[in-house]
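Residue numbers (my numbering), protein chains in the order written: chain D, 1 to 343; chain V, 344 to 686.
All C-beta atoms, glycine included, are put in the ideal place defined by N, C-alpha and C.
Down below is the structure, laid out as structure tokens.
Number of protein chains: 2
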Amino acid sequence: MELDQRKLQILRAIVDEYILSASPVGSKALSRGGMKWSSATIRNEMADLETLGYLAQPHTSAGRIPSEKAYRLYVDQMMQRAHLSDEESKLLYGYFREHVHGVDAVLRSTAKALSEITHYTAVVMMPDIGVNRLRHLQLIPLTIGKALAVVVTDAGVSQNTVIDIPEDIGPEELDRISKAITARFSDCRMSTVSSKLVRELGGELSARADFVESLLARLCESQSSDRRMVELSGATNMLEYPEYSDVNKAKTFLATVEQKDDMYRMLKKASNMEFTVTIGSENEQEGFQDCSVVTASYRVNGTPVGSFGVIGPTRMDYARVLSILKNVQTNLGTVLQSFLKEE
Amino acid sequence: MELDQRKLQILRAIVDEYILSASPVGSKALSRGGMKWSSATIRNEMADLETLGYLAQPHTSAGRIPSEKAYRLYVDQMMQRAHLSDEESKLLYGYFREHVHGVDAVLRSTAKALSEITHYTAVVMMPDIGVNRLRHLQLIPLTIGKALAVVVTDAGVSQNTVIDIPEDIGPEELDRISKAITARFSDCRMSTVSSKLVRELGGELSARADFVESLLARLCESQSSDRRMVELSGATNMLEYPEYSDVNKAKTFLATVEQKDDMYRMLKKASNMEFTVTIGSENEQEGFQDCSVVTASYRVNGTPVGSFGVIGPTRMDYARVLSILKNVQTNLGTVLQSFLKEE
DNA sequence: CTTTAGCACTCCGTTTGTTCGAGTGCTAAT
DNA sequence: ATTAGCACTCGAACAAACGGAGTGCTAAAG
Numbered sequence: 001m002e003l004d005q006r007k008l009q010i011l012r013a014i015v016d017e018y019i020l021s022a023s024p025v026g027s028k029a030l031s032r033g034g035m036k037w038s039s040a041t042i043r044n045e046m047a048d049l050e051t052l053g054y055l056a057q058p059h060t061s062a063g064r065i066p067s068e069k070a071y072r073l074y075v076d077q078m079m080q081r082a083h084l085s086d087e088e089s090k091l092l093y094g095y096f097r098e099h100v101h102g103v104d105a106v107l108r109s110t111a112k113a114l115s116e117i118t119h120y121t122a123v124v125m126m127p128d129i130g131v132n133r134l135r136h137l138q139l140i141p142l143t144i145g146k147a148l149a150v151v152v153t154d155a156g157v158s159q160n161t162v163i164d165i166p167e168d169i170g171p172e173e174l175d176r177i178s179k180a181i182t183a184r185f186s187d188c189r190m191s192t193v194s195s196k197l198v199r200e201l202g203g204e205l206s207a208r209a210d211f212v213e214s215l216l217a218r219l220c221e222s223q224s225s226d227r228r229m230v231e232l233s234g235a236t237n238m239l240e241y242p243e244y245s246d247v248n249k250a251k252t253f254l255a256t257v258e259q260k261d262d263m264y265r266m267l268k269k270a271s272n273m274e275f276t277v278t279i280g281s282e283n284e285q286e287g288f289q290d291c292s293v294v295t296a297s298y299r300v301n302g303t304p305v306g307s308f309g310v311i312g313p314t315r316m317d318y319a320r321v322l323s324i325l326k327n328v329q330t331n332l333g334t335v336l337q338s339f340l341k342e343e
Numbered sequence: 344m345e346l347d348q349r350k351l352q353i354l355r356a357i358v359d360e361y362i363l364s365a366s367p368v369g370s371k372a373l374s375r376g377g378m379k380w381s382s383a384t385i386r387n388e389m390a391d392l393e394t395l396g397y398l399a400q401p402h403t404s405a406g407r408i409p410s411e412k413a414y415r416l417y418v419d420q421m422m423q424r425a426h427l428s429d430e431e432s433k434l435l436y437g438y439f440r441e442h443v444h445g446v447d448a449v450l451r452s453t454a455k456a457l458s459e460i461t462h463y464t465a466v467v468m469m470p471d472i473g474v475n476r477l478r479h480l481q482l483i484p485l486t487i488g489k490a491l492a493v494v495v496t497d498a499g500v501s502q503n504t505v506i507d508i509p510e511d512i513g514p515e516e517l518d519r520i521s522k523a524i525t526a527r528f529s530d531c532r533m534s535t536v537s538s539k540l541v542r543e544l545g546g547e548l549s550a551r552a553d554f555v556e557s558l559l560a561r562l563c564e565s566q567s568s569d570r571r572m573v574e575l576s577g578a579t580n581m582l583e584y585p586e587y588s589d590v591n592k593a594k595t596f597l598a599t600v601e602q603k604d605d606m607y608r609m610l611k612k613a614s615n616m617e618f619t620v621t622i623g624s625e626n627e628q629e630g631f632q633d634c635s636v637v638t639a640s641y642r643v644n645g646t647p648v649g650s651f652g653v654i655g656p657t658r659m660d661y662a663r664v665l666s667i668l669k670n671v672q673t674n675l676g677t678v679l680q681s682f683l684k685e686e
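Okay, here's the thing in structure tokens:
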């Protein structure tokens, strides 16, 4: 069933109001606040909207609050995108001017920027190294039997992994192996590096084929399990909102958000989409049943390599958040590109 | 003025009880709970203890709670060290068995272990790289004008820094410079590396003296300002305690604990001492006025290189925490030593 | 002189009652 | 179809009442 124009207007007014006040909005308040119908009319419509599932009543004789269905409709069709003030976008831009050393630093500062500007919680996933191309591999001796493997990709992302090495390999040989691998696999996608046949290689590498194979396998595996792949910022911002004035709710939220594996999975999944908005129970995470997650992906050279997002109460200011994400998305794109100026 | 035996016993009982219950303890409860004096006697003693500053009354006709002075006395003289059950120390040991790859990983898992076992908040500082000796420096090209500097010290700690490089340096030269620096400064303390005169060097390095100097300076400077130098775990544990059932208190605590710079400074300062116990207002941090911080230092080759600690409410179980820290200290010592088996 | 029983008093946390305001649904009039 | 009016409902906020745990003081007992 379609909602007529009036129902839509009323619904929108309710959502707008609720986003601001966080308390149930009633018919009188609405009609006083610039609606062109009387409270009674609005009341009737509200009753209809309730049976249609767009509104809910905490208890009889309270105002209505929007249901998730309402937010969905709001986000998909009714919301008009806010545009940031010059001030804000300048502020945002500032975050990207400052930390220009290294992709990691940029993404970390992105998380901080997002959480500080939105006042919600921000998560940023480090770029999925798998889709990038290897630029440099360096093995550095640590102790007998252990070395540090540093991988640098064409997107300028680096990653350290501690690996086991045969005890009879010396520093010079490690260096030669590093160079050989770099030469051989340079510009290969990381995800395909390990699957390529190592045996077919001649020279330096074939003598250590077993080791090299396990090394490459380890690199790919550790990449995905690294806890540091998600940057989190402003988790405690949520304590500002009445939704979380109950310590227990706050606790479950914080616990959820600290599950970096889950956060990573969530963002990874979202990185195929330009934007996503996931409302309340649409979230898979237990602890996000009362929140919404808005994400945007970021690209390098046209391919999406990661995403970032904002987590807030379901009544978050979607329009504003989306504008901010969009802004950050372009900023981020520019900055990341600048790391690749040599082509 | 000295406290007589009875006063001491009563005070100790009050502290013990308050640590458990978190609510003011009264004279009747005490005398019923195994004290050999009547409630009236205890009451008189309590009145004395209050005028002496060891106890405080939230309001007339409430029980007494220990003052900071009382905790101080308790920690310094009255507390008998708890000893961990076999189960617990085995559990603890398990944390160290698992993650044996890399100092960073070990310390991260230390933080986790501490917070999970104590149920308080744990902080661990990464070893102060300054007192360690350089083992390896590797420069890896990132883009034009930028490179990644990886430093490995004799304690097995690694550190990445993105640095600017002159645009005309190619990969091969970077590699040569890396090797030259490694050869020249190997086994020098990191803190002295930069102050050594670079100009006096011949060969490869002298041609790039300016660059090398700024590089070394950068390495030392970035080391101390790196936010990642502190590992935090279990910050949300504090929400379990009635002291933090007020969301605002929780918020200020969490905000404080997330100031990694401050945490680092705190731990750094404590790393000269085997153990420290800092109670309530003895803490410098604004947000720790209602907490206590207990720290222990850890050593490599006899020199203290860092410390770790537990933050809890002032009424935390000091005896237990200290035992755990002591246990962790030895475990950690063993593990870190194992990274140095080659001497 | 020290300890303890007894008593009056204090104060908090909780419960119970009351009021007030905002909101609702329904009906009848426009 | 809309709206004014009315009776009703419910929760938040405030106040009074109560019970319990604890105290300080005094006087008696050891």
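Check your understanding: Of all the alpha helix (DSSP H) runs that stay within the bounds of the segment 560 to 613 of chain V, which reach a length of 4 or more residues?
Key -> 590 to 600, 603 to 613
Review point. How big is the Cα-Cα spacing for residue 643(V) and residue 682(V)?
Key: About 10 Å.
Exercise for review: Taking C-beta pairs closer than 7 Å, name the residues in chain V that residue 102(D) reaches, listed in chain order.
Suggested key: 505
Review point. How many angstroms separate the CA atom of residue 325(D) from the CA atom of residue 309(D)?
Key: Approximately 8 Å between the Cα atoms of the pair.
Review point. Rounded to the nearest angstrom, how far is the Cβ of residue 361(V) from that of residue 663(V), given a contact under 8 Å?
Key: A Cβ-Cβ separation of about 15 Å leaves residue 361(V) out of contact with residue 663(V) under the 8 Å criterion.
Review point. For the segment 118 to 133 of chain D against the segment 227 to 246 of chain D, are there 3 or more C-beta pairs whose distance is under 8 Å?
Key: yes
Check your understanding: By a C-beta neighbour count over all protein chains shown, 10 Å radius and 16 as the cutoff for buried, is residue 81(D) buried or exposed?
Key -> exposed
Exercise for review: Could you spell out the range, first to last residue, of the alpha helix (DSSP H) harbouring residue 159(D)?
Suggested key: Not the alpha helix (DSSP H): residue 159(D) falls in the beta strand (DSSP E), residues 158 to 164.
Point to revise | Segment limits, beta strand (DSSP E) that includes residue 641(V) | key: 634 to 643
Review point. Apart from the five residues on each side of it in sequence, which residues of its chain come closer than 7 Å, Cβ to Cβ, to residue 158(D)?
Key: 150, 151, 152
Exercise for review: Report yes or no: is there a C-beta of chain V within less than 8 Å of the C-beta of residue 119(D)?
Suggested key: no
Check your understanding: Just by C-beta distance, which residues in the segment 241 to 253 of chain D are closer than 9 Å to chain V?
Key -> Taking 9 Å as the Cβ-Cβ cut-off against chain V, the residues of the segment 241 to 253 of chain D that qualify are 244, 245, 246, 247, 248, 250, 251.
Practice item. Spatial neighbours of residue 407(V) within its chain, please: CB distance less than 7 Å, with the 5 preceding and 5 following residues excluded, ordered by chain position. Key: 357, 367, 368, 389, 393, 398, 399, 400
Check your understanding: Is it right to say residue 616(V) is buried, meaning 16 or more other beta carbons lie within 10 angstroms of its own, or is it exposed?
Key -> exposed
Practice item. Pull up the DSSP beta-bridge partners for residue 138(D), would you. Key: Paired residue(s): 150(D).
Point to revise | Contact between the segment 156 to 175 of chain D and the segment 263 to 283 of chain D (3+ Cβ pairs under 8 Å) | key: no
Practice item. Indicate whether residue 579(V) and residue 260(D) have their beta-carbon atoms separated by less than 8 Å. Key: no
Practice item. For residue 375(V), count neighbouring C-beta atoms within 10 Å of its own C-beta (all shown protein chains included) and say buried if the count is 16 or more, exposed if not. Key: exposed
Point to revise | Inter-residue spacing [alpha-carbon to alpha-carbon] between residue 576(V) and residue 455(V) | key: Whole-angstrom Cα-Cα distance: 6 Å.
Review point. Hey, out of 333(D), 266(D), 208(D), whose CA is closest to residue 123(D)'s CA?
Key: 266(D)
Exercise for review: Along the alpha helix (DSSP H) that carries residue 647(V), what are the first and last residues, could you check?
Suggested key: No alpha helix (DSSP H) holds residue 647(V); the beta strand (DSSP E) holding it covers 646 to 656.
Review point. Of the choices 468(V), 363(V), 373(V), whose alpha-carbon is the least far from that of residue 352(V)?
Key: 373(V)
**Study point:** Extent of the continuous alpha helix (DSSP H) run through residue 335(D)
**Key:** It spans 318 to 338 - the alpha helix (DSSP H) in which residue 335(D) sits, taken as one unbroken run.
Review point. Can you name the residues of chain V whose CB is closer than 9 Å to the CB of residue 339(D)?
Key: At a beta-carbon threshold of 9 Å, the residues of chain V lying near residue 339(D) are 485, 486, 489, ordered along the chain.
**Study point:** Exposed unless 16 or more other CB atoms sit within 10 angstroms - verdict on residue 27(D)
**Key:** buried
Check your understanding: Thinking C-beta only, is residue 487(V) closer than 8 Å to residue 516(V)?
Key -> no
Review point. Any beta-carbon of chain V closer than 8 Å to the one on residue 124(D)?
Key: no
Practice item. Using a Cβ cut-off of 8 Å (strictly closer), state whether residue 30(D) contacts chain V. Key: no
Review point. When you compare only the Cα positions, how much space is there between residue 139(D) and residue 212(D)?
Key: In this structure, the CA atom of residue 139(D) is about 11 Å from the CA atom of residue 212(D).
**Study point:** DSSP state of residue 625(V) mapped onto helix, strand, coil
**Key:** helix
Check your understanding: Apart from the five residues on each side of it in sequence, which residues of its chain come closer than 6 Å, Cβ to Cβ, to residue 68(D)?
Key -> 279, 280
Review point. Where does residue 452(V) sit, in a helix, a strand or coil, going by DSSP?
Key: helix
Exercise for review: For residue 22(D), go through chain V and note every residue whose CB falls closer than 8 Å to its CB, in chain order.
Suggested key: Result: empty, since nearest Cβ-Cβ is about 15 Å, beyond 8 Å.
Practice item. Please classify residue 18(D): does DSSP put it in a helix, a strand, or coil? Key: helix
Point to revise | Beta-carbon proximity check, residue 418(V) vs residue 620(V), cutoff 8 Å | key: Yes, these two residues count as a Cβ contact at 8 Å.
Exercise for review: Would you kindly work out how many angstroms separate the C-alpha atoms of residue 262(D) and residue 255(D), rounded to a whole number?
Suggested key: Going by the C-alpha atoms only, they are around 11 Å apart.
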